[in-house]
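Peer 1:
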Amino acid sequence: MKKYAMVVDSSVCIDCKGCMVSCKVQNNVPRGYWRNWIKQTTPDFSLGKLTRTHFQPGGCMQCDVPTCVQACPSGATFKDQETGIVHVNESLCIGCGKCVRACPYGARFRHPEKRVPDKCDFCFSAGRLAQGIPPACVDTCPTKARVFGDLNDPDSEVSRLLRDNHTVRVTSANIDTQPNIFYLAATEPANWPGDVEFPQSFSVMASLVNPLVKVAVGLSALGVAGMWAKQAFAPDSEDDEQGPEASHPEPTVSKQD
Amino acid sequence: MIHRHDKLSIFIHWFNAFCWIALLLTGLGLIKNEQLNPLGAWWPNLMRSLFGGGENLMVVHQYLGLIWAGVFVLYVLLRPKETWLFLKEVFSVSPSRDMTWFMKMNLKMTLGKKGLKRFGMTPDMPPQGFYNFGQKLFAQATVLGGIAIVITGVIMFLSPLMLNNPDLAAWSRTIHYLVVGLVTAGMLVHIYMAAISKEEKPAFQSMFTGTVPEHYAKHHHPLWYEEVAGGEKKVEG
Ligand code: SF4
Ligand code: SF4
Chain A
11 MKKYAMVVDS
21 SVCIDCKGCM
31 VSCKVQNNVP
41 RGYWRNWIKQ
51 TTPDFSLGKL
61 TRTHFQPGGC
71 MQCDVPTCVQ
81 ACPSGATFKD
91 QETGIVHVNE
101 SLCIGCGKCV
111 RACPYGARFR
121 HPEKRVPDKC
131 DFCFSAGRLA
141 QGIPPACVDT
151 CPTKARVFGD
161 LNDPDSEVSR
171 LLRDNHTVRV
181 TSANIDTQPN
191 IFYLAATEPA
201 NWPGDVEFPQ
211 SFSVMASLVN
221 PLVKVAVGLS
231 ALGVAGMWAK
241 QAFAPDSEDD
251 EQGPEASHPE
261 PTVSKQD
Chain B
2 MIHRHDKLSI
12 FIHWFNAFCW
22 IALLLTGLGL
32 IKNEQLNPLG
42 AWWPNLMRSL
52 FGGGENLMVV
62 HQYLGLIWAG
72 VFVLYVLLRP
82 KETWLFLKEV
92 FSVSPSRDMT
102 WFMKMNLKMT
112 LGKKGLKRFG
122 MTPDMPPQGF
132 YNFGQKLFAQ
142 ATVLGGIAIV
152 ITGVIMFLSP
162 LMLNNPDLAA
172 WSRTIHYLVV
182 GLVTAGMLVH
192 IYMAAISKEE
202 KPAFQSMFTG
212 TVPEHYAKHH
222 HPLWYEEVAG
232 GEKKVEG
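As they're listed, the protein sequences go chains A and B. Just so it is clear: in the first sequence, position 8 is 18 by my numbering, and no numbers are missing. Just so it is clear: in the second sequence, position 185 is 186 by my numbering, and no numbers are missing.
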């Protein structure tokens, strides 16, 4: 069992956007959409010579508490226990977009042609990991700002970096998603993840429809069980209708209304 | 014996029953989410391993659903008159007669005739037509519910293929689940009444033979009995 993770040293990122470009090429990401990104601080020019901008590379955080998975009704979005990667199974997906909204990082987008969500999977589906090659963004980065590896392997570089350094996790305000992209020392800007937002259609299903259906089916089952018990243990003696001349009075056929 | 159902109705009934159960079981397997699993996670896991993966399960559910809906559409197109008569029968409710019937029936099923007497009521029921009010209610639920289920199902099916509206698919999912749940609650009662309770044995048998004994028709569906038997008794086999 592996647990793939990324450690990012944002202090060496030079905003060349090589990772974004190589990811697009490797994964056929459609025009106008990105699986990974570089966020940047707004420079304060009043500082004169000391003016600086901090660049922060990112992508899907492969969270340990993936709110996208929590929001998906069908299990189409799932966390692979073998690798720790959060995947989208396109043939199970109905394109409801709940996962897209439930991700506080904006790491998912709706693929315009496939109409299902798309996001970083550490180049798993591109076949790179199976060949032992790191994700395209990691391979391309000229300053080695992105480091990729297996957290469960104590000898991997990510494990070593995490052991030897103080790292930062970027989490959303309302739910700690426990991301698996770690930042060495500083991360700026740090406050960009939004709140985790479960769409109404999901909360209604989880908190209203699901209990309602259970109660309705449960009550109906109870009622049926009650009727069965009554029939089995306390039947009405006159209810025997086997003979054509049952003891029922001839019904009145006159309309009553 | 009195003729009650023709072969096509009997076929449609059992076709519907088979599809419903199969769609219910596969559909429950498609809900895989910690907060939603109505039966717990074991059911979707079991179904997925039985079908060799969620993808296959999904395909079976979708295409069975489309076949199910398609057969009904075909029936409506080929037999508009029968469809119309059925709908008219099922949706025409006489408030006084049917409500009284419904209340008394519930009391009788749970408390027995003695219970009815305790509430100061006589054990005989207001006369019912081809369907009694309980059957009508369930038929209404399956017709309206079926339409809602098919529409929301088709939306979800088409969503990744051509629709560009995630919210539509999201709400369809919620409504699909709600309606299926409510009809399932009704279905438990339907199955009990037809297959387990003694009273309706002849009705159950008529879903195979197409006929009911005269005394049963006279007692349970007197208005209908009047109609078909009127003056001349229609006696078959
Ligand atoms: S970053 Fe977003 S898409 Fe990625 S695992 Fe976390 S919640 Fe899901
Ligand atoms: S759009 Fe997202 S939440 Fe909806 S079914 Fe697909 S993967 Fe699941």
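Every residue gets a Cβ at the ideal spot worked out from N, C-alpha and C, and that includes glycine. Keep in mind it's a predicted model, so treat the numbers as computed, not measured.
Going by the C-beta, is residue 104 of chain A closer than 8 angstroms to any heavy atom of ligand 2?
Peer 2: In the first sequence, the residue the question calls residue 104 of chain A occupies position 94. It does: the Cβ of residue 104 of chain A is within 8 angstroms (strictly closer) of some heavy atom of ligand 2.
Peer 1: Quick one: Cα of residue 263 of chain A to Cα of residue 222 of chain B, how far?
Peer 2: In the first sequence, residue 263 of chain A corresponds to position 253, counting from 1. In the second sequence, residue 222 of chain B corresponds to position 221, counting from 1. With a pLDDT of 47 at residue 263 of chain A, under the threshold of 50, the predicted position of this residue should be treated as unreliable, and no value is reported.
Peer 1: Can you say whether residue 19 of chain B is buried or exposed, counting buried as having 16 or more other CB atoms within 10 angstroms of its CB?
Peer 2: The residue labelled residue 19 of chain B in the question sits at position 18 within the second sequence. It counts as exposed.
Peer 1: DSSP on residue 194 of chain A, reduced to helix/strand/coil?
Peer 2: For the purposes of this step, residue 194 of chain A is identified with residue 184 of the first sequence, where counting begins at 1. Strand, per DSSP.
Peer 1: Which value, in whole angstroms, describes the spacing of the CA atoms of residue 38 of chain B and residue 28 of chain A?
Peer 2: Position 37 of the second sequence, counted from the first residue, corresponds to residue 38 of chain B. Position 18 of the first sequence, counted from the first residue, corresponds to residue 28 of chain A. Going by the C-alpha atoms only, they are around 43 angstroms apart.
Peer 1: Is residue 192 of chain B helix, strand or coil by DSSP?
Peer 2: Within the second sequence, residue 192 of chain B is the residue found at index 191, counting from 1. Of the three classes helix, strand and coil, the one that applies to residue 192 of chain B here is helix, per DSSP.
Peer 1: When you compare the stretch 207 to 215 of chain A with the stretch 108 to 115 of chain A, are there three or more beta-carbon pairs, one atom per stretch, that lie closer than 8 angstroms?
Peer 2: Contact holds: three or more Cβ-Cβ distances are below 8 angstroms.
Peer 1: Any C-beta of chain B sitting closer than 9 angstroms to the C-beta of residue 158 of chain A?
Peer 2: What you label residue 158 of chain A is simply residue 148 of the first sequence in a count that begins at 1. Not closer than 9 angstroms to any Cβ of chain B, the Cβ of residue 158 of chain A fails to qualify, so no.
Peer 1: DSSP puts residue 159 of chain A in a beta bridge; with which residues?
Peer 2: As a first step, residue 159 of chain A must be located in the first sequence, where it is residue number 149. For residue 159 of chain A, which the question treats as bridged, DSSP gives the partners A:15.
Peer 1: What residues of chain B sit near residue 125 of chain A, judged by a beta carbon separation below 7 angstroms?
Peer 2: Start at 1 with the first residue of the first sequence, and residue 125 of chain A comes out as number 115. Within chain B, the residues near residue 125 of chain A are 160, 161 and 165.
Peer 1: Helix or strand or just coil, what does DSSP make of residue 88 of chain A?
Peer 2: Within the first sequence, numbered from 1, the residue matching residue 88 of chain A stands at position 78. It is a strand residue.
Peer 1: Report yes or no: is there a C-beta of chain B within less than 9 angstroms of the C-beta of residue 82 of chain A?
Peer 2: The sequence position of residue 82 of chain A within the first sequence is 72, counting from 1. True, the Cβ-Cβ gap to chain B drops below 9 angstroms.
Peer 1: Taking 8 angstroms as the line, does the beta carbon of residue 129 of chain A fall inside it for any heavy atom of ligand 1?
Peer 2: Here residue 129 of chain A refers to the residue found at position 119 when the first sequence is read from its first residue. Within the cutoff, so yes.
Peer 1: Which residue from A:15, A:65, A:23 and A:115 puts its Cα closest to that of residue 152 of chain A?
Peer 2: On the first sequence, position 142 is the one that residue 152 of chain A refers to. Considering only alpha carbons, the answer is A:23.
Peer 1: Note down, in chain order, each residue of its chain lying with its Cβ closer than 8 angstroms to the Cβ of residue 116 of chain B, except the 5 sequence neighbours on either side.
Peer 2: Residue numbering aside, residue 116 of chain B sits at position 115 when the second sequence is read from its first letter. Taken in chain order, the residues that qualify are 108 and 109.
Peer 1: Would DSSP call residue 206 of chain A helix, strand or coil?
Peer 2: Walking along the first sequence from the start, residue 206 of chain A turns up at place 196. Residue 206 of chain A: coil per DSSP, three-state reduction.
Peer 1: May I ask you to list the residues that DSSP assigns as paired with residue 48 of chain A?
Peer 2: What you label residue 48 of chain A is simply residue 38 of the first sequence in a count that begins at 1. Looking at the DSSP assignment, residue 48 of chain A forms a beta bridge with A:67.
Peer 1: Between the stretch 152 to 162 of chain B and the stretch 95 to 105 of chain A, can you find at least three pairs of beta-carbon atoms closer than 8 angstroms?
Peer 2: Judged by Cβ distances under 8 angstroms, the stretch 95 to 105 of chain A makes contact with the stretch 152 to 162 of chain B, as three or more pairs qualify.
Peer 1: Any Cβ of chain B within less than 9 angstroms of the Cβ of residue 104 of chain A?
Peer 2: Locating residue 104 of chain A in the first sequence gives position 94, where the first residue counts as 1. Interface residue, yes.
Peer 1: Which residues of the stretch 204 to 236 of chain A have a Cβ closer than 8 angstroms to any Cβ of chain B? Give them in chain order.
Peer 2: Hits within the stretch, in order: 209, 211, 212, 214, 215, 216, 219, 220, 222, 223, 224, 226, 227, 229, 230, 231, 233, 234 and 236.
Peer 1: Measure the alpha-carbon distance for residue 177 of chain B versus residue 117 of chain A and round it to whole angstroms.
Peer 2: Your numbering for residue 177 of chain B matches position 176 in the second sequence. Your numbering for residue 117 of chain A matches position 107 in the first sequence. Taking the straight line joining both Cα atoms gives about 29 angstroms.
Peer 1: If we call anything under 9 angstroms between Cβ atoms a contact, is residue 204 of chain B one with residue 213 of chain B?
Peer 2: Translated into the one-based positions of the second sequence, residue 204 of chain B becomes position 203. Translated into the one-based positions of the second sequence, residue 213 of chain B becomes position 212. Cβ atoms of residue 204 of chain B and residue 213 of chain B: closer than 9 angstroms.
Peer 1: Can you check whether the C-beta of residue 81 of chain B is within less than 9 angstroms of a C-beta belonging to chain A?
Peer 2: Counting from one through the second sequence, the residue named residue 81 of chain B turns up at place 80. It does not; no Cβ of chain A falls within 9 angstroms.
Peer 1: So, is the C-beta of residue 55 of chain B closer than 9 angstroms to a C-beta in chain A?
Peer 2: Your numbering for residue 55 of chain B matches position 54 in the second sequence. Output row for residue 55 of chain B: interface = yes.
Peer 1: CA-CA distance, residue 128 of chain B and residue 55 of chain B?
Peer 2: Residue 128 of chain B sits at position 127 when you count from the first residue of the second sequence. Residue 55 of chain B sits at position 54 when you count from the first residue of the second sequence. Cα-Cα distance, rounded: 50 angstroms.
Peer 1: Suppose you measure from the CA of residue 254 of chain A to the CA of residue 220 of chain B; what does that come to, to the nearest Å?
Peer 2: One-based indexing of the first sequence puts residue 254 of chain A at position 244. One-based indexing of the second sequence puts residue 220 of chain B at position 219. Unreliable positioning characterises residue 254 of chain A in this predicted model, as indicated by a pLDDT of 43, which lies under 50. The coordinate reading is nonetheless provided below. Cα to Cα, the separation comes out at about 10 angstroms.
Peer 1: Alpha carbon to alpha carbon, how far is residue 24 of chain B from residue 170 of chain A? Give it in angstroms, no decimals.
Peer 2: As a working mapping, residue 170 of chain A is identified with position 160 in the first sequence. As a working mapping, residue 24 of chain B is identified with position 23 in the second sequence. Roughly 51 angstroms separates the two Cα atoms.
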